[in-house]
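Enquirer: I have a structure I would like to understand better, so I am pasting it below and will then ask my questions one at a time.
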Amino acid sequence: MDPIEFRLPHTIQRPKATPNHGPRTHTTRPIVTGTSVIAFKYKDGIMMAADCLASYGSLARFRNEKRLMSVGETTLLGVSGDMSDFQHMQHTLESLLTQEYDMDDGQKLGTKSVYKCISNIMYNRRTKGDPLWNAYVIGGLDNGQKMLGFVDLYGTTYQSATIATGFGGHLAQPILRRRVEGREDELSEEEAVQILDECMRVLFYRDARSLNKLRRAKVTAQGVEISEPYMLETNWSFAESITGYGS
Amino acid sequence: MFRNNYDNDASTWSPQGRIFQVEYASEAVKQGSAVVGLKSKEHVVLVAVKRSPNELASYQKKIVRIDDHMGIAMAGLTSDARVLSNYLRSEAMRSKMIYGRALPVGRAVNAIGDKAQTNTQEYGRRPYGVGLLVIGQDDTGPHLYEFSPSGIVSEYYAYSIGARSQSARTNLERNFEKFEDMSLRELVIHGLRALRDTLQQGKQLDTLNTSIGFVGKDTKMTILDGENTQAYLDLLDEGEAMETE
């Protein structure tokens with residue numbers, strides 16, 4: 001009845017009737033996981049990339065996963081961490097978008113609203129001791145203004161011109177900061193792609209849970225575009241000169 | 001009259017297809033003093049006549065701020081209006097908290113419309129005895145809505161509810177096409193003119209009994225009472241003086 005009421009699953013909203021005292025289910029560890037997501041602002045909007053791998057521990061299990069999704073027409077969401085928790089978030093966001101569409105009143109759910117909504121969900125889950133084990137990167141254009149934010153399993157949020165999750169925070173962030181910070185409105189698309197590929201290459205070399213098959217996405221005034229998977233050129237010839245490398 | 005057979009509760013239809021309890025509730029709205037709402041391209045305004053039960057008492061507040069972008073004016077049972085405004089305020093806050101955005105006005109009004117509707121259908125409940133004019137600004141521009149005890153919600157360019165409001169509506173019908181391009185000040189003055197038509201013989205609009213509210217694209221919801229209405233009332237009188245010359 002209430003148009004913006006949030007129906008959240010039983011783990012968050014207590015069922016009204018006397019509960020059936022079944023087993024308690026709390027997330028204790030992530031199982032199928034995605035690694036880094038990197039993103040930054042550039043002249044036309046936001047650019048984001050993530051590889052196509054969902055690992056099962058050390059096994060490179062699912063090698064054609066989509067870790068970048070569009071939310072409405074102006075927002076891009078990238079995810080790392082537990083994939084089943086991401087799928088839950090996907091369902092929640094789909095419902096939200098459907099509800100908004102059904103309102104049929106010309107209102108659009110902007111990037112800031114999606115960001116706030118995800119942050120609230122994440123923080124509330126962490127408060128119940130049952131987190132969604134993810135780190136999200138949310139980017140988009142709100143009335144022409146570029147917005148790029150981060151939310152993690154603790155509900156920690158921040159916004160920046162450059163964002164990177166997981167290993168990306170250690171390996172890619174320094175590159176992004178040096179190349180992007182201060183130049184968000186000047187960076188051309190060509191240069192942006194080049195920076196993205198450079199970071200993803202470093203990540204493939206050094207992150208043991210990464211894959212050389214990645215997707216790139218951008219949000220501009222024309223909307224959200226997610227690319228098809230592609231590979232990066234790598235050079236492993238240095239390995240021969242090192243004793244024991246690769247054995 | 002045989003009206004009395006079908007008017008005991010809100011769950012009973014009359015043979016003519018009416019629910020008398022809801023109609024009686026609308027009578028309570030007609031007893032309240034008049035409020036007028038009107039909008040332009042950029043602003044939407046409410047003006048109201050405040051009543052005081054006796055000389056010792058204060059004048060009843062008629063316009064309430066819901067959020068920076070939304071306000072309401074009431075006619076009827078003010079206690080019911082209070083309950084509805086508290087609900088609207090919490091919904092407005094929830095929207096800002098969950099989605100970081102101002103509650104779209106149409107959704108707010110439909111929310112209370114749905115609330116009111118349940119009171120016209122469930123056994124044992126009574127309809128709300130208050131009508132509201134809701135004004136607000138959101139991404140789709142300025143809006144003016146009427147909320148009534150039946151749960152019916154309508155959007156208007158200009159409207160009036162309360163005692164003798166038909167006179168105001170007649171005035172608004174004649175003039176509303178001009179409102180689109182008016183400035184805020186002109187809009188308020190036209191509102192006051194329409195409001196004045198609802199007053200009884202010998203009564204005047206003054207700083208004690210007039211309340212003005214407005215909101216716009218770059219204007220937060222503002223309510224003017226007391227001395228703050230003097231400037232507009234003066235302009236109203238000036239306009240009159242000029243017209244008679």
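Which chain is which? The protein sequence lines are A and B, in order. Just so we're aligned: the first sequence equals residues 1 to 247 in my numbering. Just so we're aligned: the second sequence equals residues 1 to 245 in my numbering. Idealized CB from N, CA, C, for every residue including glycine. Just so we're clear, the structure is a prediction, and the values are computed from it rather than from any experiment.
1. Just the Cα atoms here: how many angstroms apart are N134 (chain A) and D181 (chain B)?
2. Give me the chain B residues within the contact set of K112 (chain A), using Cβ-Cβ distance strictly less than 9 angstroms, ordered along the chain.
3. For the segment 72–81 of chain A and the segment 188–204 of chain A, state whether three or more C-beta atom pairs, one from each stretch, are separated by less than 8 angstroms.
4. Which residues, in order along the segment 102–128 of chain A, keep a beta-carbon less than 8 angstroms from a beta-carbon of chain B?
5. Using a Cβ-Cβ cut-off of 7 angstroms, state whether P104 (chain B) counts as contacting chain A.
6. Output the boundary residues of the beta strand (DSSP E) element that contains R174 (chain B).
7. Can you name, in chain order, every residue of its own chain whose Cβ lies under 6 angstroms from the Cβ of G129 (chain B), other than the five neighbours on each side?
8. Counting pairs of Cβ atoms below 8 angstroms between the segment 119–135 of chain A and the segment 53–61 of chain A, do you hit three or more?
9. Distance, Cα to Cα, G182 (chain A) vs Q173 (chain A)?
10. Helix, strand or coil, according to DSSP, for Q321 (chain B) in the structure here?
11. Using three-state DSSP, classify N120 (chain A) as helix, strand or coil.
12. Relative to the C-alpha of M83 (chain A), which candidate in A:R24, A:R61 and A:P229 has its C-alpha closest?
13. If we require 3 or more residues per run, which beta strand (DSSP E) segments fall completely within the segment 10–75 of chain B?
14. So, is the C-beta of T120 (chain B) closer than 7 angstroms to a C-beta in chain A?
15. Determine, using beta carbons only, whether T222 (chain B) comes closer than 7 angstroms to chain A.
16. Hey, is T198 (chain B)'s beta-carbon within less than 7 angstroms of any beta-carbon in chain A?
17. With distances taken from CA atoms, which of B:R51, B:N228 and B:I212 is nearest Q200 (chain B)?
18. Using a Cβ-Cβ distance under 7 angstroms, would T260 (chain B) count as near chain A?
19. Using a Cβ-Cβ cut-off of 8 angstroms (strictly less than) and excluding sequence neighbours within five positions of L141 (chain A), which residues of its own chain qualify?
20. Note down the Cα distance separating D2 (chain A) from G124 (chain B), rounded to an integer number of angstroms.
21. Taking all protein chains shown into account, decide if Q21 (chain B) is buried (16 or more other Cβ within 10 angstroms of its Cβ) or exposed.
22. Starting from N86 (chain B), trace the alpha helix (DSSP H) both ways and give me its first and last residue.
23. So S241 (chain A) is in the alpha helix (DSSP H); what residue range does that whole segment cover?
Expert: Here's the rundown:
1. What you label residue 134 (chain A) is simply residue 134 of the first sequence in a count that begins at 1. What you label residue 181 (chain B) is simply residue 181 of the second sequence in a count that begins at 1. Answer to the nearest angstrom: the Cα atoms are 51 angstroms apart.
2. In the first sequence, counting from the first residue as 1, residue 112 (chain A) sits at position 112. The contacting residues are Y99, G100 and R101.
3. no
4. M103, D105, G106, Q107, K108, L109, G110, K112, S113, Y115, K116, C117 and N120
5. The residue labelled residue 104 (chain B) in the question sits at position 104 within the second sequence. Judged by the 7 angstroms Cβ criterion, P104 (chain B) is in contact with chain A.
6. On the second sequence, position 174 is the one that residue 174 (chain B) refers to. Element bounds for R174 (chain B): not the beta strand (DSSP E) but the alpha helix (DSSP H), S165 to F179.
7. As a first step, residue 129 (chain B) must be located in the second sequence, where it is residue number 129. Contacts found: A25, A28, G76, L77 and D80.
8. no
9. Residue mapping note: residue 182 (chain A) aligns to position 182 of the first sequence, counting from 1. Residue mapping note: residue 173 (chain A) aligns to position 173 of the first sequence, counting from 1. Straight-line Cα distance between these residues: approximately 14 angstroms.
10. Residue numbering for chain B in the displayed model covers 1 to 245; residue 321 (chain B) lies beyond these limits and cannot be assessed.
11. Within the first sequence, the letter at position 120 stands for residue 120 (chain A). Looking at N120 (chain A) - three-state DSSP - the assignment turns out to be helix.
12. By 1-based counting over the first sequence, the position of residue 83 (chain A) is 83. The residue with the shortest Cα to Cα distance from M83 (chain A) is A:R61.
13. 35–39, 43–49 and 63–67
14. Here residue 120 (chain B) refers to the residue found at position 120 when the second sequence is read from its first residue. Not one chain A Cβ lies under 7 angstroms of T120 (chain B).
15. Mapped onto the second sequence, residue 222 (chain B) falls at position 222. Cβ-Cβ to chain A under 7 angstroms: no for T222 (chain B).
16. On the second sequence, residue 198 (chain B) is found 198 positions in, with the first residue counted as 1. Cβ-Cβ to chain A under 7 angstroms: no for T198 (chain B).
17. Position 200 of the second sequence, counting from 1, holds the residue named residue 200 (chain B). With distances taken between Cα atoms, Q200 (chain B) lies closest to B:R51.
18. Absent from the structure is residue 260 (chain B), since the part of chain B shown begins at 1 and ends at 245.
19. For the purposes of this step, residue 141 (chain A) is identified with residue 141 of the first sequence, where counting begins at 1. Counting only Cβ-Cβ distances below 8 angstroms, and skipping sequence neighbours, we find G45, I46, T74, T111, M147, V219, T220 and A221.
20. Locating residue 2 (chain A) in the first sequence gives position 2, where the first residue counts as 1. Locating residue 124 (chain B) in the second sequence gives position 124, where the first residue counts as 1. Any reading at D2 (chain A) needs caution, since the residue's pLDDT is 44, under 50, leaving its predicted position unreliable; the model's value is listed next. One C-alpha to the other measures close to 22 angstroms.
21. Residue mapping note: residue 21 (chain B) aligns to position 21 of the second sequence, counting from 1. It counts as buried.
22. By 1-based counting over the second sequence, the position of residue 86 (chain B) is 86. T78 to Y99 is the span of the alpha helix (DSSP H), which, as asked, contains N86 (chain B).
23. Your numbering for residue 241 (chain A) matches position 241 in the first sequence. Taken as a continuous stretch (DSSP letters only), S241 (chain A) belongs to no alpha helix (DSSP H), as it is neither H nor E.
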